[in-house]
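So the sequence shown is residues 1 to 135, counted in the numbering used here.
Beta carbons are placed, not taken as given, at the ideal position from N, Cα and C, and that holds for glycine.
Below is one structure, written out as structure tokens; the observations come after it.
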Amino acid sequence: MFVRIRESQIKLLIDEACCRNPIEACALLFGESSKDICFVKKVVVTPNILSSAIEFQISPELIVAELKKAETEGLELVGIFHSHPTTPYPSVVDLENMKLWVNVFWLIFSLTEGKIAVHLIRNKVLEEMELEIMS
1 MFVRIRESQI KLLIDEACCR NPIEACALLF GESSKDICFV KKVVVTPNIL SSAIEFQISP
61 ELIVAELKKA ETEGLELVGI FHSHPTTPYP SVVDLENMKL WVNVFWLIFS LTEGKIAVHL
121 IRNKVLEEME LEIMS
């Protein structure tokens with residue numbers, strides 16, 4: 001399974017992460033998905049209501065509002081983005097939270113390594129997904 005995202009969307013997410021540093025940046029990723037591919041069509045940058053350098057939380061009210069808006073646009077929540085001060089791999093807290101979002105990938109940007117990784121929990125197993133950045 002892999003994720004397709006535009007270069008301009010990746011740039012927006014990285015810029016947001018760098019701008020918010022040391023606070024973890026976060027965003028909701030909307031698009032379309034099938035069995036083998038998720039295509040990000042819309043990025044919604046969101047505040048980290050925890051204002052924390054080691055974890056993030058998006059307002060539940062904002063999530064609901066954006067889910068409703070996406071539904072009217074024919075989109076679904078396909079991914080959640082956030083930045084990490086260390087590696088681009090899910091933390092223990094991330095892994096617990098990922099279990100709440102079935103079929104939603106997590107795109108994590110490492111501020112220290114400058115790397116991006118995409119993960120999904122499927123059948124209770126953490127999988128790293130391929131990321132295709134389109135121009």
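Check: Assigned exposure category for L28 - 16 Cβ within 10 Å defines buried; Outcome: buried
Check: As assigned by DSSP and simplified to three states, the class of A65; Outcome: helix
Check: R4 to F39 span [Cα, whole Å]; Outcome: 5 angstroms
Check: For M98, the residue or residues it bridges with in DSSP; Outcome: Answer by DSSP bridge pairing: none, since M98 is not bridged.
Check: Sequence-distant residues of the same chain with beta carbon closer than 8 angstroms to P88, five excluded per side; Outcome: I108, F109, S110, E113, K115, I116, A117
Check: CA-to-CA distance, K42 to K69, given in whole angstroms; Outcome: 11 angstroms
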